[in-house]
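Here my numbering is used: the first residue of the sequence shown is 4, the next is one more, and so on.
Working notes for the structure below.
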Amino acid sequence: MDPVDSVRSGPWRVDCLVDGGMTFGTDVFANVAPARQAELLGAAGLSAAVTEFNAYLMRHDDGRIWLVDTGCGSICGPEGGQLPDRLASAGIAPGDISRVILTHLHADHCGGLLGSGAALFADAEILLHPDEVAHWRDTEAPGAQVLKTCADRLRLVGSDADLGADVRVWALPGHTPGHFGLRIGDDLVLAGDIVHSEALQLPDPENATQFDVDPAQALASRRAALAEIAERNLVWSGSHLIGAKFARLDRAGDGFAKLET
């Protein structure tokens, strides 16, 4: 199994656990001409827009254990579903996790809560934004199944909510209505799905995926988040980063460049 990227912020150790990955077709970035995609990918040493599904294991010095997102479960087929093995390799059983924080309800973030119709991480409270509930409830999406399966354990948290232990919600709407990241301590942020392909979107944040519910709002969130990370020299991670999972950013023309910590 691949080595795990980890970082500390105050009393928290945060491990990035890769649930799986896939390759995006050129149609996913429909507003970017295929030739421009090839140019940007080539500059990054890539031939295609590869991505990974990242989840985060948060371990506090006092023993509490939280999980940020749950990967695909069985929804993505063989391209996902590796999170349980990753947790086991870290010595973590599902029952050890007291809190699951969902950045949003796309399948590659919440699918790991579903298994044969039964809830996994059954002892954990499930945190998510109320705008996600309003958007996905009564749909046929996996997120709606999560809302039903975990209804008795849901805790809704608003923008900038204080989650305790120096962790706060970081509202980043647009990708989905209630999409958010986390601020952990003074210098670490988890930025969710503001970036799906760092090769395509860091050099030019205007490049967007077809997955954004509100593209204009998603772009505004992406630009603001990346600018803050660069200007404050924060350590960050995103749910679809490849390579180094925790990094810093520098300005590069109209875009940004990833700097390994």
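Note that CB positions come from ideal geometry on N, CA and C, so glycine has one too.
No experiment lies behind these values; they were computed from the predicted model shown.
In this structure, how does DSSP classify K261 when only helix, strand and coil are distinguished? Position 258 of the sequence shown, counted from the start, is the residue given in the question as residue 261. In the structure shown, K261 sits in a strand (DSSP, three-state: E or B).
Please report the residue range of the beta strand (DSSP E) in which G13 lies. What you label residue 13 is simply residue 10 of the sequence shown in a count that begins at 1. Segment: none, G13 is in no beta strand (DSSP E) and carries neither H nor E.
Can you list the alpha helix (DSSP H) stretches of 4 or more residues lying completely in the stretch 32-74, in chain order? 37-46
Along the alpha helix (DSSP H) that carries S92, what are the first and last residues, could you check? Start at 1 with the first residue of the sequence shown, and residue 92 comes out as number 89. Run containing S92: 86-92, per the alpha helix (DSSP H) assignment.
Using CA atoms only, rank isn't needed, just tell me which of G23, A125, D65 is closest to E82. By one-based count along the sequence shown, residue 82 stands at place 79. Comparing Cα-Cα distances from E82 to each of G23, A125, D65, the minimum goes to G23.
Residues of its chain near A221, where Cβ-Cβ distance is below 7 Å and the 5 sequence neighbours each way are ignored: For the purposes of this step, residue 221 is taken as the residue at position 218 of the sequence shown. Taken in chain order, the residues that qualify are G177, H178, A211, D215.
DSSP three-state assignment for G120, whether helix, strand or coil: Position 117 of the sequence shown, counted from the first residue, corresponds to residue 120. Per-residue confidence for G120 stands at a pLDDT of 46, beneath the threshold of 50, marking its modelled position as unreliable; no derived number is given.
Where does L20 fall in DSSP's three states? As a first step, residue 20 must be located in the sequence shown, where it is residue number 17. Three-state result, L20: strand.
Use the C-beta contact count for T60: other C-beta atoms within 10 angstroms, 16 or more gives buried, fewer gives exposed. Here residue 60 corresponds to residue number 57 of the sequence shown, with the count starting at 1. According to the sequence as given, residue 60 is Leu; it is not Thr. Result: buried.
Taking only three categories from DSSP, how would you classify V198? The residue given as residue 198 occupies position 195 in the sequence shown. In this structure, V198 counts as coil in the three-state DSSP scheme.
Do you know how far the Cα of G258 is from the Cα of G120? Position 117 of the sequence shown, counted from the first residue, corresponds to residue 120. Position 255 of the sequence shown, counted from the first residue, corresponds to residue 258. For G120, the pLDDT reaches just 46, beneath the cut-off of 50, and the residue's location in the model is therefore unreliable, although a value from the coordinates is still provided. Approximately 43 Å, taken between the alpha carbons.
So R225 is in the beta strand (DSSP E); what residue range does that whole segment cover? Translated into positions along the sequence shown, residue 225 becomes position 222. Segment 218-234 is the alpha helix (DSSP H) holding R225; no beta strand (DSSP E) there.
Can you give the Cα-Cα distance for A144 and K151, rounded to whole angstroms? Residue 144 sits at position 141 when you count from the first residue of the sequence shown. Residue 151 sits at position 148 when you count from the first residue of the sequence shown. Near 11 Å, if we compare the C-alpha coordinates of K151 and A144.
Just verifying my parser: in three-state terms, what is the DSSP assignment at A255? Counting from 1 along the sequence shown, the entry for residue 255 is found at position 252. The answer is strand: DSSP assigns A255 an E or B state.
State the DSSP-derived secondary structure class of E82, mapped to helix, strand or coil. Taking the first residue of the sequence shown as position 1, residue 82 is located at position 79. DSSP places E82 in helix when its eight states are reduced to three.
Contact check, G195 vs G241, beta carbons under 8 Å: By 1-based counting over the sequence shown, the position of residue 195 is 192. By 1-based counting over the sequence shown, the position of residue 241 is 238. Contact flag set, yes.
Are the beta-carbon atoms belonging to D253 and L244 less than 8 Å from one another? The residue labelled residue 253 in the question sits at position 250 within the sequence shown. The residue labelled residue 244 in the question sits at position 241 within the sequence shown. Cβ distance not < 8 Å, so D253 and L244 don't count as in contact.
Hey, would you say I3 sits closer than 8 Å to L157, going by beta carbons? Missing from the structure shown is residue 3; the chain here goes from 4 to 264 and no further.
Below 8 Å between beta carbons: does that hold for L108 and G146? Counted from its first residue, the sequence shown places residue 108 at position 105. Counted from its first residue, the sequence shown places residue 146 at position 143. Yes, the pair counts as a contact, with Cβ atoms nearer than the cut-off.
Member of V172, A174, A127 whose CA lies at the smallest distance from the CA of A154: Residue numbering aside, residue 154 sits at position 151 when the sequence shown is read from its first letter. Looking at the Cα atoms, A127 is the closest of the given residues.
Buried or exposed for S224, please, with buried defined as at least 16 other CB atoms from any protein chain shown within 10 angstroms of its CB. Indexing the sequence shown from 1 puts residue 224 at position 221. Answer is buried; the Cβ neighbour count reaches 16.
Here's a check: name, in chain order, each residue in its chain whose Cβ is nearer than 8 Å to the Cβ of A219, leaving out the five neighbours to either side. To locate residue 219, count along the sequence shown from 1; it is residue 216. So the list reads G177, once near-sequence residues are dropped.
With three or more C-beta pairs closer than 8 Å as the rule, is the stretch 58-74 touching the stretch 6-18? yes
Closest Cα partner of R186 within the set V71, G76, H112, W139: In the sequence shown, counting from the first residue as 1, residue 186 sits at position 183. Looking at the Cα atoms, V71 is the closest of the given residues.
Identify the continuous alpha helix (DSSP H) that holds G146 and give its terminal residues. Counted from its first residue, the sequence shown places residue 146 at position 143. Unbroken alpha helix (DSSP H) run through G146: 145-152.
Measure the Cβ-Cβ separation of G184 and T106 and say whether it is below 8 Å. By one-based count along the sequence shown, residue 184 stands at place 181. By one-based count along the sequence shown, residue 106 stands at place 103. In this structure, T106 lies closer than 8 Å to G184 by Cβ.
Simplified DSSP state of L159, which is helix, strand or coil: In the sequence shown, the residue the question calls residue 159 occupies position 156. Note: L159 maps to strand in three-state DSSP.
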